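The opening residue of the sequence shown carries number 1 in full-length UniProt numbering; numbering runs sequentially from there. Quick notes on the structure that follows.
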Amino acid sequence: MNQFGPATHKLIAHALIQHEGNYLLIKRSTIKRGKPNVYPEFFDIPGGGVERFETPREAAVRESLEETGLPVLLDRLLHEDSQLDKAKGIVFTRLVYEAKIVGELTGITLDPEEHTEFRWISHLSDISDEKIVLYLHDLIPEKGHLI
């Protein structure tokens, strides 16, 4: 326990979807369900909070389907990080799984309340003029570098 009292924990699960050598990124909306969005207009990957009685893997699959319309199959855990938001008294822990599309890619359906566009990229340099959430720098290679 610290001076702010006990911190609560929030688990977030994401899927890094790969298809034919490219990674799917989705751009966060400015306003989400009537409130300012976290990291507005930043490119991110599908993901969100793990719900009660749900595993992180189940959450990553659910969030991918909800946010893109794509059913995915998860492979290995690629990334973990945690951050303390002192103002909220919450420790956020993010898990990112490698994901592949189940079946054929038929199209992507975004919820405009959450995301405004998507892009398939092979390297971060493909969108160097855009805002990108920081943790993606650990997951997607820069041009000429392998991760």
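Quick reminder that beta carbons are idealized off the backbone N, C-alpha and C, glycines included. The structure displayed is predicted, hence computed values, not measured ones.
Check	Outcome
A13 - DSSP class collapsed to helix/strand/coil	strand
Three-way DSSP call (helix, strand, coil) for V61 in this model	helix
Distance CB(L65)-CB(V96) smaller than 8 Å	no
Cα-Cα separation between H79 and I12, rounded to whole angstroms	12 Å
Completely contained alpha helix (DSSP H) runs for the segment 52-120, where each covers 4 or more residues	56-68
Contacts around R33, its chain only, beta-carbon distance under 6 Å, and the 5 residues preceding and following it disregarded	E113
Close beta carbons around M1, own chain, < 7 Å, minus the five adjacent residues each side	Low per-residue confidence applies at M1: pLDDT is 45, beneath 50, and the placement is therefore not dependable enough to give any value.
Nearest to E104 (by Cα), restricted to the options G69, L16, T8	G69
Beta-carbon spacing of A15, L84 below 8 Å	no
Start-to-end residues for the beta strand (DSSP E) that takes in K27	22-28
Nonlocal neighbours in the same chain, by C-beta distance under 8 Å from D75, ignoring five residues either side	Y97, E98, A99, K100
Boundaries of the beta strand (DSSP E) in which G49 is found, first to last residue	47-49
Coarse secondary structure for H137, derived from DSSP in three states	helix
Pair within 8 Å by beta-carbon distance, I31 and Y23	no
Three-state secondary structure assigned by DSSP to D129	coil
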